[in-house]
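Student: Numbering (UniProt numbering), first residue to last: 244 to 607. We treat Cβ as the ideally placed atom computed from N, Cα and C, and that holds for glycine. Owing to the predicted nature of the structure, the values given are computational and were not obtained by experimental measurement.
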Amino acid sequence: DKGNHRHFMAKEIHEQPEVVGHTLSTFYRPMTETVELPAAPYDWAALPKVTMVACGTAHFACAVAKYWFEQVARLPAETDIASEFRYRNPPLVKGGLSIFVSQSGETIDTLTALRLAKEQGQHIAGIVNVPESAIARESDVLYPTNAGPEIGVASTKAFTCQLTTLALLAIAAGEARGSIDADERKRLTRTLAELPRLMNVALHLDEVMGEVAHDLAKARDVLYLGRGAMYPLALEGALKLKEISYIHAEGYASGELKHGPIALIDENVPVIVLAPSDELFDKTVSNMQEVMARGGRVILITDKTGAERAGDSAWHTIVMPDADPFVAPILYSIPIQLLAYHTAVAKGTDVDQPRNLAKSVTVE
Ligand code: M6R
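#1: Report the residue from LEU385, GLU375, ASN511, ARG249 whose alpha carbon sits nearest the alpha carbon of ILE367.
#2: With DSSP run on the structure shown, which of helix, strand or coil describes LEU290?
#3: Closer than 7 Å: is that where the CB of LEU600 sits relative to any heavy atom of the ligand M6R?
#4: My assumption, with CB atoms under 8 Å, is that ALA397 sits in contact with ILE487. Please give the rounded CB distance.
#5: Quick check: what's the CA-CA separation for GLU418 versus LEU431?
#6: Touching or not, the region 395-412 and the region 428-443, by the rule of three or more beta carbon pairs under 8 Å?
#7: Between which residues of its own chain and THR403 is the CB-CB distance below 6 Å, once the five residues before and five after are set aside?
#8: What do you reckon, are the CB atoms on VAL315 and ALA472 nearer than 8 Å?
#9: Does the Cβ of ALA283 lie closer than 7 Å to at least one heavy atom of the ligand M6R?
#10: In chain order, what residues of the same chain have a beta carbon less than 6 Å from the beta carbon of LYS361, not counting five sequence neighbours either side?
#11: Take the Cβ of THR300 as the centre, count every other Cβ of all protein chains shown within 10 Å, and call the residue buried at 16 or more, exposed below.
#12: With respect to 7 Å, is the separation between the Cβ of GLU258 and the closest non-hydrogen atom of the ligand M6R below this value?
#13: Should CYS305 be counted as a contact of the ligand M6R given a C-beta to heavy atom distance under 7 Å?
#14: Return the CA-CA distance between GLY554 and GLY453, expressed in angstroms with no decimal places.
#15: Could you name the residues of the same chain whose beta carbon sits closer than 6 Å to that of ALA601, not counting the 5 residues immediately before and after it, in chain order?
#16: State whether the region 435-455 contacts the region 329-338, with contact taken as three or more CB pairs (one from each stretch) at a distance under 8 Å.
#17: Can you check which of these residues, PHE328, GLU327, PRO291, is closest to ALA320 by C-alpha distance?
#18: So within the UniProt domain "SIS" (277-422), which uninterrupted beta strand (DSSP E) runs reach at least 3 residues, ignoring any that extend past its ends?
#19: Give me whichever residues DSSP pairs with ASP464 in a beta bridge.
#20: Count the other C-beta atoms from every protein chain shown that fall within 10 angstroms of the C-beta of MET563, then say buried if there are 16 or more, exposed otherwise.
#21: By the DSSP assignment, the alpha helix (DSSP H) with ASP449 in it spans what residues?
#22: Excluding sequence positions up to five away, which residues of its chain have a Cβ less than 6 Å from the Cβ of CYS305?
#23: If you follow the alpha helix (DSSP H) that HIS257 is part of, which residue opens it and which one closes it?
#24: Relative to the alpha-carbon of ALA401, which residue among MET442, LYS245, SER347 has its alpha-carbon at the smallest distance?
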């Protein structure tokens with residue numbers, strides 16, 4: 244049932260404040276502002292390393308979480324694509340934790356990677372949206388996401404729920420390891436508790452995104468740029484756009500621009516810059532100026548302060564609600580999803596069933 248939406252994808256995008264709230268309440272206790280995780284055979288304080296493995300969008304959730312585990316928990320973190328991980332014979336650190344992230348819980352590469360890590364004595368955790376799936380069953384510890392059934396082939400609400408779960412794990416790990424104290428834990432959990440409200444505000448950009456998408460739909464190639472935890476989000480934005488609008492898109496770390504992709508820039512290649520006003524903002528603005536100096540047209544997605552600091556030189560400026568940098572990757576998922584969605588609608592492609600793609604990839 245699509246409710247009053249034209250597509251499942253639109254419905255699932257708009258469900259995010261609610262389902263992210265559900266996922267939060269799985270482990271977050273608002274009265275005490277604590278994170279309570281299920282019993283596990285490992286101790287976050289003693290873990291030498293966390294390895295996160297997944298495919299596609301779920302892999303980009305892991306790539307965001309790498310920043311969180313490193314910064315919040317000072318825990319060495321590695322991520323890989325399951326199809327690479329399973330064949331590269333990775334030297335896994337003894338006593339390490341391997342986390343497998345999957346909406347369906349049936350992706351064959353991710354499941355095979357899980358079995359390989361298990362054979363090598365790793366602790367196995369699953370972050371899975373379908374509780375009766377193979378990955379859920381074969382994990383030592385299950386951290387379920389509560390996104391509800393996701394029908395659209397393009398993953399949206401499963402992604403933000405995976406991010407929410409990973410953020411909670413990073414906070415719990417940080418507290419166990421002593422890299423954050425109780426005050427910092429409360430501050431971080433509060434930013435997560437605020438998310439559903441901020442996501443609702445961001446969803447009001449629906450109409451504006453429809454107008455921007457009208458312009459974007461004419462492009463043949465699009466670049467997405469971001470720094471820090473917004474870099475994997477740039478990758479996710481590009482994947483979402485390619486999947487459903489069939490426009491060629493690539494995501495880059497902003498700092499990589501001058502190491503190659505800048506050669507592509509002209510007035511025909513729109514550049515989408517994901518840049519909340521954090522401590523790296525000025526660097527991103529200078530990357531933007533490099534793009535504009537070459538005739539490139541920038542779609543800047545930022546907050547009020549960022550919009551003021553950037554001036555009005557961008558082609559389009561999308562103003563997001565203010566948010567703590569910790570939760571920005573979750574919040575900024577909304578505009579990139581809306582942009583991909585409206586671009587696909589403008590192009591008239593099959594949004595929920597894009598060509599050549601399957602919801603669950605159970606063959607290699
Ligand atoms: O079910 P999974 O989360 O394991 O699926 C992984 C990928 O196949 C999936 O995220 C894919 O990239 C989506 N179509 C992205 O929108």
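Tutor: The structure says:
#1: LEU385
#2: coil
#3: yes
#4: 5 Å
#5: 11 Å
#6: yes
#7: GLN259, VAL263, ILE573, SER576
#8: no
#9: no
#10: ILE367
#11: buried
#12: no
#13: no
#14: 23 Å
#15: none
#16: no
#17: PRO291
#18: 293-297, 320-324, 340-345, 366-371, 384-387
#19: HIS491
#20: buried
#21: 449-459
#22: MET295, ALA297, THR322, VAL344
#23: 251-257
#24: SER347
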